[in-house]
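Respectively, the protein sequence lines represent chains A and B. In this text, residue positions in the first sequence follow full-length UniProt numbering: the first is 1, and each later residue adds one. In this text, residue positions in the second sequence follow full-length UniProt numbering: the first is 1, and each later residue adds one.
There are 2 protein chains.
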Amino acid sequence: MAAKAFTGVPCLRCCPGDRFLSKSQIYGGRRNHRRNICPPISAVSSSSEPSIRIAAEKLRSDSKVETLLDSVKWDDKGLAVAIAQNVDTGAILMQGFANRKALATTILSRKATFYSRSRSSLWTKGETSMNFINVHDIFLDCDRDSIIYLGKPEGPTCHTGAETCYYSSVHDLLEGPKPNQDRLASTTLYSLEATISQRKDDIEAEQNGKPSWTKKLLLDKELLCSKIREEAGELIQTLLENEDGSRTASEMADLLYHAMVLLKLKDVKMEEVLGVLRKRFSKSGVEEKNSRRRPGK
Amino acid sequence: MAAKAFTGVPCLRCCPGDRFLSKSQIYGGRRNHRRNICPPISAVSSSSEPSIRIAAEKLRSDSKVETLLDSVKWDDKGLAVAIAQNVDTGAILMQGFANRKALATTILSRKATFYSRSRSSLWTKGETSMNFINVHDIFLDCDRDSIIYLGKPEGPTCHTGAETCYYSSVHDLLEGPKPNQDRLASTTLYSLEATISQRKDDIEAEQNGKPSWTKKLLLDKELLCSKIREEAGELIQTLLENEDGSRTASEMADLLYHAMVLLKLKDVKMEEVLGVLRKRFSKSGVEEKNSRRRPGK
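Shown next, in the form of structure tokens:
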């Protein structure tokens, strides 16, 4: 099938029609900035590219996007699997399908966009809820038939209000019905964060339970702070005394855990910490240090 | 369509046939333990369940698995998307499709198993390469038509030898061809780890480049250790002096970054650290501390 010339972002209001708009036409107006839909026809027709240079760059860019879209192995329905993943936490937010137009729209708009098989139309996640997923990069797999939208969600992704769509554990379902059974699919760091959070909830609800080192730390700031200093010292010792790498991993695990208990006491999430790191390491450390203003340091 | 009675793990050697074997029949023999294939017919026919109690438990379990399989919204080809994710790092390892039998096999064998659309048969990831994905839990999405196999890979997942199948960045592809262009889809923590690793490679290759704080730290252990102590102290200060949460996030980011530079000097990966944490927090902290033997502490 000959590739259709791609000339801009498809209009999400008119889809699945063939009306294509330039990025500036769609996102230029303040009113449409968050809604991610096209302006009225009258506004579009009066808009034009500001210079020949920009138009030439756009053409080159469109041609590269076309080549890339050609390289994807679309299935017999013209679709590929598209998975949205949180760039900071790694949480899989949702999974949908993309067609050519959906992937092109995501590339150009940087908002995760899918093709709805039930409605036979494009949809940008967040166009109704405002919980857009701002895409930082897109990855294709080795077979070029599976796509990751690596991005930052502006709010809960699931239509139920859950942070992600994956909150039904097969393990829990097979164990039998329990109250408050929903549990997000969480990787190690966030399972630990959830466990620490649960210990704090137990303390606040004055529930007795198993003896818990986390509860002790949450109730005794001095103990917690002395443990963080101690674990930092032990991590350093593994370097200075050239201890085995497994000791380093163990001491780093200790430091990370104790520091995460402190984060909980301050109601700070690891996701915020990772957000800080992401923003920082796009510059070099030296540039970054020079650019920071840190009161009292 | 009436659900077919599920009586065990399907034989991977004979698939897509209807020969079902119990878990003990398939995994009991040492020879077949890693190959994840069935023993010869003679071995199977001489094997039997050891007691009525176990048989009754198995029946109950099978009935629960059946109910769960019934709850999945299989598409018109009897498939659902199945995504394998690293339980420690959150990396999306690969994406395939599961049918009823593939999901049942994964539940019972705890090895990520898919349905190959090209070969029209089940396949367990690793059955040829030995790089199995050991599944810790399985999650279904809100629509029950998408599955996460959350597990630990025994080696590289991609058939190319790459750690995951997602190593083609659309951003890089659109920038134009570059040497060593492959770059794994990485979330913040692992992008930072890769950046630190690159700085170490630059030092070892004696390449000049931008001024880099990371390089300074990698070359000066005393500076690195004093920074880790300092950042741990500043994190603690945000708790003791009740500073704003954003300061806590910033100091935690500093501590994490400096500690990760130390990890690099010791050639320890964050994945190992998270593996240690995962094994620890399945017990309570107090039990875990009592069970550890830590020389020299």
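Note that beta-carbon positions come from the ideal geometry of N, C-alpha and C, so glycine has one too. None of these values were measured; they are calculated from a predicted model.
Run of the beta strand (DSSP E) containing residue i, from where it starts to where it stops
i: residue 270 of chain B; result: That residue, residue 270 of chain B, is in no beta strand (DSSP E); its alpha helix (DSSP H) goes 270-280.
For residue i, the residue or residues it bridges with in DSSP
i: residue 115 of chain B; result: B/122
i: residue 140 of chain A; result: A/147, B/168
i: residue 98 of chain A; result: A/80
i: residue 153 of chain A; result: A/133
i: residue 92 of chain A; result: A/85
Alpha helix (DSSP H) segment containing residue i, residue limits
i: residue 191 of chain A; result: 188-204
i: residue 259 of chain B; result: 245-265
i: residue 240 of chain B; result: 221-240
Short CB-CB distance (under 7 angstroms) between residue i and chain E
i: residue 73 of chain A; result: Absent here is chain E; the protein component of the structure consists of chains A and B.
Any non-hydrogen atom of the ligand FMN closer than 6 angstroms to residue i Cβ
i: residue 197 of chain B; result: Among the components of this structure there are no ligands whatsoever, and the ligand FMN is therefore not found.
Against chain A: residues of the region 239-269 of chain B by CB proximity under 7 angstroms: 239, 240, 245, 248, 249, 250, 252, 253, 255, 256, 257, 259, 262, 263, 265, 266, 267, 268
Residues within the region 209-233 of chain A neighbouring chain B, beta-carbon criterion of under 7 angstroms: 210, 211, 212, 213, 214, 221, 225, 228, 229, 232
At least 3 beta-carbon pairs within less than 8 angstroms: the region 193-201 of chain A vs the region 258-268 of chain A: yes
Interface residues of the region 173-207 of chain B facing chain A [CB-CB below 7 angstroms]: 173, 174, 185, 187, 188, 189, 192, 195
Positions along the region 76-99 of chain B whose CB lies within less than 8 angstroms of some CB in chain A: 81, 83, 85, 86, 87, 88, 89, 90, 91, 92, 94, 95
Residues in the region 160-172 of chain A having any Cβ partner in chain B nearer than 9 angstroms: 160, 162, 164, 165, 166, 167, 168, 169, 170, 171, 172
Selection of the region 109-143 of chain B by Cβ proximity to chain A, strictly under 8 angstroms: 137, 138, 139, 140, 141, 142, 143
Three-pair Cβ contact test at 8 angstroms for the region 66-84 of chain A versus the region 67-79 of chain B: no
Inter-stretch contact at 8 angstroms, needing at least 3 Cβ pairs: the region 107-116 of chain B / the region 209-222 of chain A: no
Three CB pairs or more closer than 8 angstroms across the region 271-278 of chain A and the region 247-258 of chain B: yes
Inter-stretch contact at 8 angstroms, needing at least 3 Cβ pairs: the region 141-156 of chain B / the region 124-141 of chain A: no
Three CB pairs or more closer than 8 angstroms across the region 93-109 of chain B and the region 118-127 of chain B: yes
The region 164-176 of chain A / the region 145-152 of chain A touching (three or more Cβ pairs under 8 angstroms): no
Touching by the beta-carbon criterion (3+ pairs, under 8 angstroms), the region 80-90 of chain B and the region 80-95 of chain A: yes
Cβ contact check for the region 160-167 of chain B and the region 61-68 of chain A: 3 or more pairs under 8 angstroms: no
Sufficient close CB pairs (3 or more, under 8 angstroms) joining the region 198-206 of chain A to the region 224-233 of chain A: no
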